[in-house]
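Top line first, the protein sequences correspond to chains A and B. Each step along the first sequence adds one to the number in the numbering used here, with nothing skipped, and position 99 is 99. If you want the numbering used here, it's the position in the second sequence, counting the first as 1, plus 1000. What follows is one structure encoded as structure tokens, with my remarks underneath.
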Amino acid sequence: GAVVSQHPSRVICKSGTSVKIECRSLDFQATTMFWYRQFPKQSLMLMATSNEGSKATYEQGVEKDKFLINHASLTLSTLTVTSAHPEDSSFYICSAVAGGNTGELFFGEGSRLTVL
Amino acid sequence: GENVEQHPSTLSVQEGDSAVIKCTYSDSASNYFPWYKQELGKGPQLIIDIRSNVGEKKDQRIAVTLNKTAKHFSLHITETQPEDSAVYFCAAPAYQAGTALIFGKGTTLSVSS
């Protein structure tokens, strides 16, 4: 299957700082990527849709000014958690569609954010 | 938008037994139903999927069945092994347009030897 890579896999930051998470499609181009958040023992919740060259589309209840998404190329999307607080601590996972609009989503390995 | 319900939330089986996880969806227009396996601390991995033009798909020990009339689909794992222990999620398209997925709440499968 297609490979999606995330970096960093783990990050610890102080409250009030910003953290950037990168999501790369390694062997395919992705015009669309998705960002999910997963709290412990819960399901994946869709945060936003990242479109290459245009603004991201955010799900209801997700603050676009807090979770900045940039999809500057066909292989890279970034999620920046601004002014992070302890309640932002979570597992952030990106995904991308490979092979056109077939519906198959491939996920990255996730990034564990801990805000102290 | 779509709504996906998944059950059971936990499932314990003996090695060699079969395991079945069921999901229901609400949007009759949905046409793609994947299943993901997630191990602790890792991202979800696609294990099998089915599209609405077929009723069953099989890949070795894993199979998925789809009942469009009843709007439910199921994951079947036969001859379970300890390495099958993980959290399994079903999913369906979140919206009629686009490819974002909405996930069920997950099933924690434990296979004991």
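Ideal Cβ placement from N, Cα and C applies to all residues, glycine included. Predicted model only: the values in this text are computed from it and were never measured.
Apart from the five residues just before and just after residue i, which ones in its own chain have a Cβ nearer than 6 Å to its Cβ?
| i | result |
| --- | --- |
| F28/A | A2, A98 |
| I12/A | T114 |
| K1037/B | Q1045, I1047, A1086, Y1088 |
| K117/A | In the structure as shown, chain A begins at 1 and stops at 116. Residue 117/A is therefore absent and cannot be evaluated. |
| T31/A | E52 |
For residue i, which residues in chain A fall below 7 Å Cβ to Cβ?
| i | result |
| --- | --- |
| K1105/B | S43 |
I want to verify the contact list: residues of chain B whose CB lies under 9 Å from the CB of residue i, in sequence order.
| i | result |
| --- | --- |
| I93/A | G1043, P1044 |
| L105/A | P1034, Y1036, P1044, L1046, A1091, T1099, A1100, L1101 |
Using 8 Å for Cβ pairs, my map puts residue i next to residue j. What's the rounded Cβ distance?
| i | j | result |
| --- | --- | --- |
| A96/A | F67/A | Contact flag wrong, Cβ pair sits at about 18 Å. |
| K1105/B | S1009/B | 7 Å |
| E109/A | Q6/A | 6 Å |
| S111/A | P8/A | 6 Å |
Would you mind telling me which residues of chain C sit closer than 7 Å to residue i, beta carbon to beta carbon, in chain order?
| i | result |
| --- | --- |
| A1100/B | The chain labelled as chain C is not found among the protein chains of the depicted structure, namely A and B. |
By the criterion of Cβ-Cβ separation under 7 Å, what are the contact partners of residue i in chain B?
| i | result |
| --- | --- |
| V97/A | T1099 |
| E109/A | K1042, G1043 |
Excluding five sequence neighbours on each side, which residues of the same chain lie with their C-beta closer than 7 Å to the C-beta of residue i?
| i | result |
| --- | --- |
| H85/A | S15, V115 |
| S1085/B | L1109, S1110, V1111 |
| R1051/B | N1031, Y1032 |
| I1077/B | S1018, A1019, R1061, I1062, D1084 |
| H1007/B | K1022 |
In chain order, what residues of the same chain have a beta carbon less than 8 Å from the beta carbon of residue i, not counting five sequence neighbours either side?
| i | result |
| --- | --- |
| E1002/B | Y1025, S1026, D1027, S1030, A1092, P1093, A1094, Y1095, I1102 |
Kindly examine the ligand MG and report whether one of its heavy atoms sits closer than 7 Å to the Cβ of residue i.
| i | result |
| --- | --- |
| G1104/B | Ligands are entirely absent from the displayed structure, and the ligand MG is therefore not among its contents. |
### Touch test, the segment 1031 to 1051 of chain B against the segment 1092 to 1111 of chain B, Cβ-Cβ under 8 Å, three pairs minimum
Flag = yes, the segment 1031 to 1051 of chain B and the segment 1092 to 1111 of chain B touch.
### Query
Are there three or more Cβ pairs, one per stretch, closer than 8 Å when the segment 1060 to 1076 of chain B is compared with the segment 83 to 92 of chain A?
Too few Cβ pairs lie closer than 8 Å, so no.
### Query
Going along the segment 1032 to 1051 of chain B in order, which residues come within less than 9 Å of chain A, judged by CB to CB distance?
Y1032, P1034, Y1036, Q1038, G1041, K1042, G1043, P1044, Q1045, L1046, D1049, R1051
#### Entry: Cβ contact check for the segment 1009 to 1025 of chain B and the segment 63 to 74 of chain A: 3 or more pairs under 8 Å
no
### Query
Is there contact here, the segment 1073 to 1089 of chain B with the segment 1052 to 1065 of chain B, by at least three beta-carbon pairs under 8 Å?
yes
### Query
Quick one, which residues of the segment 46 to 75 of chain A are near chain B if we go by CB-CB under 7 Å, in chain order?
L46, T49
### Query
At a Cβ cut of 9 Å, what residues of the segment 1072 to 1099 of chain B count as close to chain A, listed as they run along the chain?
V1087, F1089, A1091, P1093, A1094, G1098, T1099
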